[in-house]
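> Shown below is the structure under consideration.
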Amino acid sequence: MSSDESDGDFEGFSETDVINAEQEVLAAEERLRVILSEQGIGDDSDGDLNESENEDEGEEEVHIDERGDGGDGWHSRFDIYERGLPHLFNPRGNTGPSRVMGAEKEVLDFWQLYMGDQFLEFLINQTDSYANYNIQHRPNDNKMPWSIPTLPEIKAFLGLTYQMGINRKPSTKLYWSTDPVMVTPIFSSTMTRDRYTQILRYLHFSNIANEPRQGEPNYDPLYKIKPVVNHLNNKFGLEYIPKRNVTIDECMVPFKGRTLLKQYLPSKPHKWGVKVWMLAESANSYIQYIDVYPGRTVRTEGSLGSSVVKNCLEGANIAGQGYHVYTDNFFTSPNLYLELWENYDTAACGTVRNTRAGLPKDIMCKKPVNVVTRGDHQFRQKGALLAVSWKDKKTVSVLSTIHNESIGQVTRSVNVDGQFARQEFNCPSAIVDYTCNMGGVDKADQYIQYYCYHQKTLKWPKKVFFSLLEMVKFNAYRLFTLSPNHSSNLTFLQFSCLLIKGLINGYSAGVRRGRPLLAPDQRLIQRHMPTTLNSKGRCHVCYMRQKNGKQDNIRQTKYGCSVCGKHLCMPQCFTIYHTEKNYC
């Protein structure tokens, strides 16, 4: 259909224009009928389709690209029939917590949904095996007697570890300091310093006897921590079903020691560490799935970002259920989003790098067409994909299989003649929703870093384990605040303190504080016989009495004790020395 720009020169539609318009309508109706039949829905199209399409054509804005040109398949007019029907949201159960905890349940009960007694017994057994292995193979470095921890003791150990994240000190030994400035009574009253450091030294999470060595066919760089990760992923998914919008992003476990897993991310607060991929719900940041990055030692099929997204969806058991996934530009690509749409029944939205293959080059570039001032935007569509370019302070590029070309509003502070004022600008809905839903992982990571164990360690599995403990605490906190029978006003710090009290639960190692008792004085209990010594000498009792001002003179004698070997006057000083504790 075509018309001249001047209304005065318009002479009506030609027969060819009418025929072309009818063919377009029939083709659109046929596409809708095919899509509905594939979804098992009857053909409900009627004559209103003509009117709605004509209305859309009347409101169509003028774009640089018309439908079908450009040669790369991208076009400027959004066609809902080309994308097809959206996926139905069909989660595996009711979203939210999987169980309702009774009002009698305490903070510790929420934590033990993830760290039950059976799993703690597993940690105890692995720690004991590792301790015995070290004592057997390196006895000179492991001389301190070892006893297997009990269940209350390992809970108290974890409670003290949580407390170290709240009350931070430069070194571990300062928590047992008796200095009035540094003293923290809960540590010394719960466990001795040597016992805590001994458990910390032997803390282990896998069977060392079966550990594969580097170079072996079954070598796994994550072997030492994998049992904990697998257990927690299973529990995270079991206790909560996420709502529709989820986020996939990475977080860092701070670590500067020697390991092939160590990564460098200059944009992160902790630039060196072990990278952990995380899938979390967008609304309340509940952590649904975690995946420790093994580094470049393990190769993936395709791009790393695509494999991470697919592994997280499958690991969290939400693939094929109609979820909406939000990712940043590290993961986003046209190929990944099309594969999620077609094979995983999952829609996605995220910022995209302009260097990705398959993007519309007229708007995904340094200077997009007709995107000049703040609020300007351009849309392109290709099948299920929608590409958006929007001007804020900088140009923002977004790819989506969730949204259409709808427009929202955002508020920005603008400098007008030296004064800042709030002003509204047009913003594509895809970018508005991305801003609202992308922060799930970042918020969870923020909570994790608040009170995380910070003491230095040379072993990366321990550092990762202590970060996983914080994830467990954060998820337990989320379940607690969502529980209808518990207070939602409890802060994360208050929850942490209650958890520490529940874990310690009055535990005390039962070791006597202070110096150990001295052995009984042998001069008072053994049989001592007087004898003549080789030479004369001063009496030991007379000497001590004169030294303490209780006697004036010191007598010389050749007699003494055959056992003690001391000169003693006979019989007074000999008797006093062997019968009185404080003889001087």
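Residue numbering for the sequence shown follows the UniProt record's numbering, starting at 1 and increasing by one per position. Even for Gly, the Cβ is constructed at its ideal location relative to N, Cα and C. Quick caveat, the model's predicted, so the values are computed rather than measured.
#1: Locate the beta strand (DSSP E) running through I248, then write down its first and last residues.
#2: For the segment 479 to 490 against the segment 138 to 149, are there 3 or more C-beta pairs whose distance is under 8 Å?
#3: Alpha carbon to alpha carbon, what distance is there between G506 and L174?
#4: Of all the CB atoms in chain C, is at least one closer than 8 Å to the CB of Q494?
#5: Looking only at its chain, what residues have a beta carbon closer than 7 Å to the beta carbon of N354, apart from the 5 residues adjacent to it on each side?
#6: Alpha carbon to alpha carbon, how far is L386 from S400? Give it in angstroms, no decimals.
#7: What does H578 pair with, by DSSP beta-bridge criteria?
#8: Among all the DSSP beta bridges, which residues are the ones paired with Q556?
#9: Do C251 and V276 have their C-beta atoms within less than 8 Å of each other?
#10: Where does D573 fall in DSSP's three states?
#11: Could you tell me whether the Cβ atoms of T172 and T197 are closer together than 8 Å?
#12: Mapping DSSP to helix, strand and coil, what is F492?
#13: Count Cβ pairs between the segment 212 to 226 and the segment 406 to 416 that sit closer than 8 Å; are there 3 or more?
#14: Taking only runs of the alpha helix (DSSP H) that begin and end inside the segment 306 to 344, which ones reach a length of at least 4 residues, in chain order?
#15: Can you tell me the Cα-Cα spacing of residue 585 and L469, whole angstroms?
#16: Would Y326 and N475 qualify as a contact pair, given that the criterion is a beta-carbon distance under 8 Å?
#17: Exposed or buried, which one is G58 when buried takes at least 16 other CB atoms within 10 Å?
#18: By DSSP, does E106 sit in helix, in strand, or in coil?
#19: Suppose contacts are defined by Cβ-Cβ distances below 8 Å. Is T297 in contact with L260 by that definition?
#20: Measuring alpha carbon to alpha carbon, tell me which of V228, H578, Q556 ends up nearest C564.
#21: From the DSSP output, in three-state form, read off M364 for me.
#22: Based on DSSP bridge pairs, tell me the residues matched to W272.
#23: The alpha helix (DSSP H) with Q409 in it runs from where to where?
#24: So the candidates are V181, K501, K459; which of them puts its Cα closest to the Cα of V274?
#25: Enumerate in chain order the residues of its own chain whose CB-to-CB distance from L158 is below 6 Å, with the five nearest sequence positions on each side excluded.
#26: By the DSSP assignment, the beta strand (DSSP E) with F425 in it spans what residues?
#27: What residue from G549, Q522, K558 has the CA that sits closest to T532's CA?
#28: I want to know whether the segment 233 to 244 touches the segment 312 to 321 - three or more CB-CB distances under 8 Å.
Looking at the atomic coordinates:
#1: Its beta strand (DSSP E) spans residues 245 to 254.
#2: Too few Cβ pairs lie closer than 8 Å, so no.
#3: The alpha-carbon atoms of L174 and G506 are separated by roughly 22 Å.
#4: In the displayed structure, chain C is absent; only one protein chain is listed.
#5: Around N354: M364, C365, S397.
#6: If you take the alpha carbons of S400 and L386, they lie about 5 Å apart.
#7: For H578, which the question treats as bridged, DSSP gives no partner whatsoever.
#8: Paired residues: R538.
#9: In contact: C251 and V276 (Cβ atoms closer than 8 Å).
#10: The identity of residue 573 in the sequence shown is Cys, whereas the question assumes Asp. Secondary structure at C573: helix, using DSSP grouped into helix, strand and coil.
#11: Going by C-beta atoms, T172 is nearer than 8 Å to T197.
#12: Here F492 sits in helix by DSSP.
#13: Not touching, per the Cβ criterion.
#14: 334 to 343, all fully within the segment 306 to 344.
#15: With the chain represented from 1 up to 584, any question about residue 585 goes unanswered, as that position is not in the structure.
#16: No, Cβ-Cβ distance for Y326 and N475 is not below 8 Å.
#17: Note that G58 scores a pLDDT of 37, beneath 50, so its modelled location is shaky; the value from the coordinates is reported in the next line. The residue is exposed, with fewer than 16 neighbouring Cβ atoms inside 10 Å.
#18: Annotated three-state conformation of E106 is coil, per DSSP.
#19: Cβ distance < 8 Å, so T297 and L260 count as in contact.
#20: It is H578.
#21: In the three-state reduction of the DSSP assignment, M364 falls in the coil class.
#22: In the DSSP output, where bridge partners are listed per residue, W272 has Y264.
#23: Here Q409 belongs to no alpha helix (DSSP H); instead the beta strand (DSSP E) covers 407 to 416.
#24: Closest by alpha carbon: K459.
#25: So the list reads L503, once near-sequence residues are dropped.
#26: Residues 419 to 428.
#27: Relative to the Cα of T532, the nearest Cα in the group G549, Q522, K558 belongs to K558.
#28: By the Cβ test, the segment 233 to 244 is in contact with the segment 312 to 321, since at least three Cβ pairs between them sit closer than 8 Å.
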